[in-house]
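A short worksheet on the structure shown next.
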Amino acid sequence: MELVMDFFCLYIFSSHFSQITLLKDVHL
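Going by this note's numbering, the sequence shown opens with residue 4, and the numbers climb by one from there.
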């Protein structure tokens, strides 16, 4: 169960990170 939570957190972090990078690219 803990592994699933870690994977979920990683997935959320990855999606947020890509959104931030995309936003930066658009801003630049």
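Idealized CB from N, CA, C, for every residue including glycine. If you're wondering where the values come from, they're calculated on a predicted model, not measured in any experiment.
Checklist line | Pairwise C-alpha distance: L26 and H91 | finding: With the chain covering only 4 through 31, there is no way to say anything about residue 91.
Checklist line | Between the CA atoms of I15 and S21 - distance to the nearest angstrom | finding: 10 Å
Note to self: Please report the distance separating the alpha-carbon of F11 from that of E5.
What the structure shows: 10 Å
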